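Inspection log for the structure reproduced underneath, given as structure tokens.
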Amino acid sequence: MNNLLTMDEAAKYLGISKLTLYGWVSARKLGYVKIGRLVKFKQAQLDAWIDQHTITPRRDSHGTHEAAR
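Numbering (the numbering used here), first residue to last: 1328 to 1396.
As structure tokens, this is what we get:
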């Protein structure tokens, strides 16, 4: 079974505040598991969310990364 993280653990794992995580849960921006009144998060699901929201750098015509402007 996947690791289930608490709100505190998930917030620390993502590097965000619990308040931000509560907002994302309320807006259903992030998947979660509800067990009675408890809200838990599958670590694999958090990893997938991170992957989906990772922005890869663009390459310029020379094949190098563009400088941040």
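Backbone N, C-alpha and C fix where the C-beta goes; we use that ideal spot for every residue, glycine too.
The structure presented is a predicted model; accordingly, all values stated were derived computationally and were not measured.
For residue j and residue i, believed in contact at Cβ under 8 Å, the rounded distance
i: L1331; j: K1369; result: 6 Å
Residue i vs residue j beta-carbon contact at 8 Å
i: A1337; j: L1348; result: yes
i: Q1372; j: G1358; result: yes
i: K1361; j: T1333; result: no
As assigned by DSSP and simplified to three states, the class of residue i
i: I1377; result: helix
i: K1339; result: helix
i: L1357; result: coil
Distance between residue j and residue i (C-alpha atoms, nearest Å)
i: R1364; j: D1335; result: 15 Å
i: R1355; j: I1343; result: 16 Å
i: D1374; j: I1382; result: 14 Å
i: W1376; j: R1386; result: 24 Å
i: P1384; j: S1353; result: 31 Å
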